[in-house]
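What follows is a short report on a single structure.
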């Protein structure tokens, strides 16, 4: 049996950082979260005024941020002196752990800036781990050429024997960027215990009897290992993301995600006291 779409979610306009305009798909009333995923934003604009102010210094604790760039350039830096450049096709998987203060600033004043940021929860045992980065250059992300011209970038997890470069993540994620030519069909194997979703960012796809046009997220049923993707005449491009649910209490307050309200208070106090 193939997985089905059990919920369709449309993104809503949002603003974050110093006024960056976003399409918030997860982390909004229609889909507050999907264990272990907490938030999904798509940023896409060729107007510099929509993004040029970027995301100045801000804290995180207790989860991971995943930034995937499709177009444009973003410079990141943190309070420990780490710096890096996100360019088209690159990925940053940042484990905030016990606390980090970082910034993400565009390296352009106009032109297309396009990509995603996904938040992934950490299990209770890892929430106070040391922060770390996995900065993945575009050339290090394997491309799989499947039948009928289907192309897959494997960011995390496996397609057949091809494994993505992101390693050592507790939720054992699958993160794929899939390109489907018009009218093609492709079956993707997903771990049966994982929560999973599909977000279409070009064209239109169909899963079972459910159409997913551009800007639409489909939450997938659990238990089955196959996701059958079908592109309409114009073709489609989408991300398919899956992860092992943590099944733990979640306490959220802005950039802090812990297990109890007291841990949130501790995070705020630590940040205000400069203990990050």
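In my numbering, the protein residues as written are 2 to 277. Using N, Cα and C, we set each Cβ at its ideal position, and we do this for glycine too.
Return the Cβ separation of residue i and residue j in integer angstroms, given the expectation that the two are a contact with Cβ distance under 8 Å.
{"i": "residue 154", "j": "residue 177", "result": "7 Å"}
{"i": "residue 67", "j": "residue 119", "result": "4 Å"}
{"i": "residue 179", "j": "residue 230", "result": "7 Å"}
{"i": "residue 156", "j": "residue 69", "result": "7 Å"}
{"i": "residue 147", "j": "residue 260", "result": "At roughly 40 Å, the Cβ-Cβ gap does not stay under 8 Å, so residue 147 and residue 260 are not in contact."}
What residue range is occupied by the uninterrupted beta strand (DSSP E) comprising residue i?
{"i": "residue 265", "result": "Residue 265 -> not in any beta strand (DSSP E); alpha helix (DSSP H) instead, spanning 262-273."}
{"i": "residue 196", "result": "196-208"}
{"i": "residue 72", "result": "64-72"}
{"i": "residue 1", "result": "Since the first residue of the chain shown is 2 and the last is 277, residue 1 is not available in this structure."}
{"i": "residue 172", "result": "From DSSP, residue 172 is part of no beta strand (DSSP E); its letter is neither H nor E."}
{"i": "residue 103", "result": "101-107"}
{"i": "residue 221", "result": "217-221"}
{"i": "residue 88", "result": "Run containing residue 88: none; DSSP gives neither H nor E here."}
{"i": "residue 191", "result": "Here residue 191 belongs to no beta strand (DSSP E), and DSSP marks it neither H nor E."}
{"i": "residue 12", "result": "No beta strand (DSSP E) contains residue 12, which DSSP labels as neither H nor E."}
{"i": "residue 77", "result": "75-79"}
{"i": "residue 144", "result": "144-146"}
{"i": "residue 136", "result": "133-137"}
Measure from the alpha carbon of residue i to the alpha carbon of each residue in the options, then state which is nearest.
{"i": "residue 255", "options": "36, 40 and 80", "result": "40"}
{"i": "residue 37", "options": "123, 148 and 130", "result": "123"}
{"i": "residue 222", "options": "184, 105 and 209", "result": "209"}
{"i": "residue 237", "options": "250, 195 and 184", "result": "184"}
{"i": "residue 138", "options": "125, 87, 98 and 186", "result": "87"}
{"i": "residue 244", "options": "34, 204, 151 and 91", "result": "34"}
{"i": "residue 216", "options": "56, 13 and 8", "result": "13"}
{"i": "residue 196", "options": "203, 174, 74 and 152", "result": "174"}
{"i": "residue 74", "options": "94, 105, 96 and 80", "result": "105"}
{"i": "residue 24", "options": "8, 169, 44 and 17", "result": "44"}
{"i": "residue 141", "options": "169, 150 and 92", "result": "92"}
{"i": "residue 151", "options": "129, 165, 181 and 166", "result": "181"}
{"i": "residue 220", "options": "32, 128, 19 and 42", "result": "32"}
{"i": "residue 226", "options": "99, 160, 165 and 8", "result": "160"}
{"i": "residue 9", "options": "263, 198 and 2", "result": "198"}
Which residues does DSSP list as the beta-bridge partners of residue i?
{"i": "residue 179", "result": "153 and 239"}
{"i": "residue 53", "result": "DSSP output for residue 53 lists no bridge partner at all."}
{"i": "residue 259", "result": "252"}
{"i": "residue 122", "result": "64"}
{"i": "residue 213", "result": "206"}
{"i": "residue 1", "result": "With the chain represented from 2 up to 277, any question about residue 1 goes unanswered, as that position is not in the structure."}
{"i": "residue 231", "result": "207"}
{"i": "residue 110", "result": "Answer is none; residue 110 lacks a bridge partner."}
{"i": "residue 19", "result": "In the DSSP output, where bridge partners are listed per residue, residue 19 has none listed."}
{"i": "residue 244", "result": "196"}
With distances taken between CB atoms, is the gap from residue i to residue j smaller than 8 Å?
{"i": "residue 6", "j": "residue 200", "result": "no"}
{"i": "residue 47", "j": "residue 112", "result": "yes"}
{"i": "residue 143", "j": "residue 101", "result": "no"}
{"i": "residue 59", "j": "residue 78", "result": "no"}
{"i": "residue 228", "j": "residue 4", "result": "yes"}
{"i": "residue 194", "j": "residue 233", "result": "no"}
{"i": "residue 97", "j": "residue 55", "result": "no"}
{"i": "residue 121", "j": "residue 172", "result": "yes"}
{"i": "residue 89", "j": "residue 71", "result": "yes"}
{"i": "residue 265", "j": "residue 274", "result": "no"}
{"i": "residue 49", "j": "residue 110", "result": "yes"}
{"i": "residue 191", "j": "residue 94", "result": "no"}
{"i": "residue 136", "j": "residue 82", "result": "no"}
{"i": "residue 11", "j": "residue 277", "result": "no"}
{"i": "residue 117", "j": "residue 17", "result": "no"}
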